[in-house]
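In numbering that gives the first Met the number 0, the protein residues as written are 0 to 1023.
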Amino acid sequence: MYATKNVRPRSSLSTDDNHRIKDTNRPHKKKTSNTVLTLVAFCVFLLVLCSFLLGALVYVGKNIADEHQKQHASGSLVAINDTIRTIYVDRDQLLSTKPILSVISDSRTYSTQVPTTKKMRTMAGISPEIRAASKVLKNLGFRLPKQLKPHKYNLRLKPDLNQKSYTGNISINLQVLDPISFIPVHIKQLNVSHEKLERLDKSGAPLKDIKPTLSFAYPEYEYFVSEFEQPLEVGNYTLHLSFNGSLIDRITGFYQSSYYDKLKNRTRWIASTKFEPTYARLAFPCFDEPHMKAQFAITIAKPKGSDYHVLSNMPVSTEEDVGDLTEVIFQETLPMSTYLAAFVISDFKYTTTTIGDTSIELRVYSTPAQVDKTQYALETGAGVTAYYIDYFNISYPLPKLDMVAIPDFVSGAMENWGLVTFRETALLYDKSTSSSVNQQRVAVVVAHELAHQWFGNLVTMNWWNDLWLNEGFASYIEYKGVDHMHKDWDMMNQFVTAELHPVLKIDATLASHAIVKSIESPDEITEYFDTITYSKGAALVRMLENLVTEEKFRNATTRYLSSHMYSTATTDDYLTAFEAEDIDIDVKLIMQTWTEQMGLPVVEVVQNGNTYRLTQKRFLANQDDETAVVEPSSFNYRWSIPITYTTSADSTVQSTIFNYNDNEATITVPSTATWIKLNKDQVGYYRVNYPEALWSSLTSALKTSRLTFSTADRAHLLNDANALAEAGQLAYAIALELSTYLESEEDYVPWSVGTAMLTSLRNRVYYTNQYKNFTVYGRKLLTPIVEKLAYTVGEDHLENQLRIKVLNAACSIGHESALEQATTLFNQWLAAPATRPSPDIRDVVYYFGLQQVNTEAAWDQVWQLYLTEPDAQEKLKLMNALAAIKVPWLLQRYINLAFDETKVRRQDYFTLIGYISTNPVGQGLVWDYVRENWTQLVERFGINERNLGRLIPTITARFSTQTKLEEMEQFFAKYPDAGAGTLARQQALETVKSNIKWLELNQTPVGDWLATYAEQATASNSIP
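So this is what it looks like as structure tokens:
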């Protein structure tokens, strides 16, 4: 059960709590004799008690210490000369046969909190004896020593799904490159013991064993350290370690998951892995850094004669029966980083095909009842992989490729080499339950992960500071992969609204970061997996391709992959690959202005006849930030900008480079041109601000014929105008006037911007007296497209996605006919749940239907449907709908139920809470809940869970008052350790400050424009 919010765990008691305990009833006077007798009796009692406890402690410690490897409670073996043993029990009680030297906790967090900054770090968890005995502590940090290089891991695991734990041993073949007197290997939440270190001769045969003088766990830096009397000589060694760990209370590392087998009416347990970025150390001791590539020889035991099978990166080599177990031995892998190792133990079924004209087998696995849902991913995976083989001009290097749908998975998917794992929502597709949005997500995620088989797996970034090389490239090339499979989906234009626009908003804050930056700690690394790294990285790859041409981009990419295969590389390596192409610009210098500093420019245009003068400055969403002190940049926040443009007189795309060290650039166009439009199809990563007269000309051209501009250009104009107005750099009336052309818009990409703009403005004016006029404006824009599409679903993919966008927007601003139809369909469904509406309108019908009905009975019925729904995509639709209720106590019940993992999977917790926070009634409830239960949330998920940190900006995104800002600041001051949420907190504060500034600057002018618009609409009788 979930503890009530007023109950605090012992770990949260402060000094003030202890001070509240006062001895208020003690008498002031006692007779001397009574006092003496009392003291004597008490001393005798203490003596007897101590003798008893000492004997018990010795007896229990002696017996338990020898059995500690069998325990499932937390613990760590710590040894000095193999004589000292300790056991850590239930986080509170320590039994020891010798003086305590250090403690490792095998729970969700270490017993010692991670300080807020590096400066505050201490050697927590290391006892005074270890500190005194060790000669190497001062040499340890987050990075492994450069003197060591692993070559091969021989890993053997014996998982026990019934006991929810596992044992293992590992032999690491390593090379000492320079003399070193210690070997640190990464571990976390493991019980580890040092068995031996073997010195090898040139043939690889053992020469001698070298015993450590000291072995200890160092939780501060997540190491198990073996320390030696003399520095190890240069040469080859094998380090042998044994270990055990738990499979529960997390969904990272090596963990257990379950599903309900409706075919046989039973719960089934499986085990899976998720190692990126720093979670391989949760599964086995290793050198857990990406540049330390090595081969893996993996052996995993399973119950003999069961219907379980084991998957790993490579095909099975052989199986051997050992007692009541069968050991599955896999072929050795190619050299790869630890985060790419993977294994799955399950009873899943699969579909299979071969990839293109190769003999490589592709399999897609799922729970037995859902295997029919794997067909679309199978076809997409085979087609996309064949496309990548041709695109990169490099063969897929492994003999097989598996994709597996895991019931509990912390990320959308993971690109493990040869064994890609997914959430069920990202791999399974069923036309009867999956919407067009669901189908596209499956295609995009599959294409993303398969791109990693080359960009990330074959060639890996040398260190996490170059993560964008992995994720940015995959986040762009995925669109090419899906476009290859579905030409009618307009994927390359969808990139603009799905990837570019969201990251432009985030990158316009001071809390952004460069896509190449210095990072070291696990918290910093996991936090780095964010929108900037993925989407800005992808946008820069897209801009680079357009800058050098697609052919030269492909040539350079293939050259880069070929030069660094089975190894690692840096951003400089990638940009160097372009030097062999015949390009008359300095590609590396241009791109460095984008990769080595955060933010983006706004290009400001000044017209003088048929000549346009361009200047640039950093674009910031909040005017107040323009005078803020920021981290220095070698380019002084100026960029070398690839300028492209068209004019009314010439649709041919022209281009030039606005260099970072030039004060301005000049463009001359035909004298007959009435307008110029910069940044063709928004390929460049920058915003453009025109003079008011030029904005008016562009607006007139749009209203005359929207087809004057491409779909991407229409989306661009809407997005830039709105962003500039929100930032106070453009009169809001100009942006709003431009948006009125949407009455004639019929395409998905521009409407994707339009609905986002309407939602943003709705949130800003929701609690103001301008809201009524806003609804008039919004309904007038939306009515033509709503009436055209209605709730009748067709076969056109983009039209189905457009329908979802506009119906959702219409219902959210009170469009009467849209709400009435949603409510009617909802009531029909509740009356006969077997007759569900089309998957492409379910989100709208479920959410707004329940919102309008707004009764406990309806909520309970949907809740029961959610609990029994086996399809993960349908379950998410129901989960979202349940957050729509406007009854506060029902939302509070929902918040509390979310903590129960028998009802809501751990992977879905933050999604559910985020859904509730978007409901105006639920936002305050969630904010109060998170603040009051932060300790429990950290205890459950860990402070290094980036999704926990990102929950804060999700909840607070619509705050717009000084009171709420102060609440946030007080909360952050109370809990200063943000872990992997440090940047998220900064972004949350900046967003709220921007919201406050928006009201200060724009509430009056926006209100005036909306009032005039509503008055004119009323006069013309055109209000829907």
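We put the CB at the ideal spot given by N, CA and C, even for glycine. Being a predicted model, the structure only gives us computed values, none of them experimental.
Identity of the residue in the options nearest residue i by Cα
i	options	result
Arg686	Ser695, Thr671, Thr698 and Ala714	Ala714
Arg267	Pro127, Arg761, Asp346 and Phe634	Asp346
Asn469	Asp482, Tyr478 and Ala450	Ala450
Met967	Gln1002, Val929, Leu539 and Val602	Val929
Ile912	Phe657, Gly948, Thr758 and Glu938	Gly948
Gln622	Glu999, Ser1019, Glu965 and Ile179	Glu999
Ala576	Ile584, Tyr559 and Thr570	Tyr559
Pro205	Val224, Tyr236 and Val184	Tyr236
Phe253	Gln229, Lys261 and Pro284	Pro284
Gly124	Glu221, Thr212 and Trp467	Glu221
First and last residue of the uninterrupted beta strand (DSSP E) at residue i
i	result
Met402	Lys399 to Ile405
Ser245	Gly234 to Ser245
Gln606	Pro600 to Asn607
Trp268	Arg265 to Lys273
Met460	Val458 to Met460
Lys587	Looking at the DSSP string, Lys587 is not in any beta strand (DSSP E); the run it does join, the alpha helix (DSSP H), is Val586 to Thr594.
Ala296	Gln294 to Pro302
Phe421	Leu418 to Arg422
Gln255	Gly252 to Asp260
Sequence-distant residues of its chain with Cβ nearer than 7 Å to residue i (five each side left out)
i	result
Gln961	Ile995
Buried/exposed call for residue i, threshold 16 Cβ in 10 Å
i	result
Ala880	buried
Glu630	exposed
Asp91	Residue placement at Asp91 cannot be trusted, given a pLDDT of 29 that sits under 50; the coordinates are not used to answer.
Asp208	exposed
Ser32	At Ser32, the pLDDT of 41 sits below 50, so the modelled position is not reliable and the matter cannot be decided from this model.
Asp389	exposed
Ser650	exposed
Ile344	buried
N-terminal and C-terminal residue of the alpha helix (DSSP H) that residue i is part of
i	result
Pro887	Pro887 to Leu896
Phe970	Gln961 to Lys973
Ala692	Glu691 to Thr703
Asp482	Leu466 to Met484
Leu864	Glu855 to Thr867
Ala376	Gln374 to Phe391
Glu999	Thr981 to Ala1018
Ser751	Tyr747 to Val764
Ile942	It is not in any alpha helix (DSSP H) - Ile942 carries neither H nor E in the DSSP assignment.
Ile912	Tyr908 to Ser916
Arg841	Pro838 to Val852
Reduced DSSP secondary structure (H/G/I, E/B, other) of residue i
i	result
Val540	helix
His814	coil
Tyr533	helix
Glu736	helix
His563	helix
Lys787	helix
Phe454	strand
Ile182	strand
His796	helix
Val687	strand
Gly355	coil
Gln146	coil
Pro284	coil
Gly203	coil
Ser633	coil
Leu449	helix
Gln162	coil
Nonlocal neighbours in the same chain, by C-beta distance under 6 Å from residue i, ignoring five residues either side
i	result
Leu189	Phe242 and Gly244
Ala883	Tyr846, Leu849 and Gln850
Thr332	Gln294, Phe295, Asn312 and Met313
Val502	Thr530, Ser534 and Lys535
Val370	Lys348
beta-carbon residue i near the ligand FAD non-hydrogen atom, thresh 7 Å
i	result
Ile505	What this structure holds is no ligand at all, so the ligand FAD is not there to describe.
Own chain, CB closer than 8 Å to residue i, minus 5 neighbours either side, in chain order
i	result
Asn415	Thr272, Phe274, Asn312, Leu339, Ala340 and Ala341
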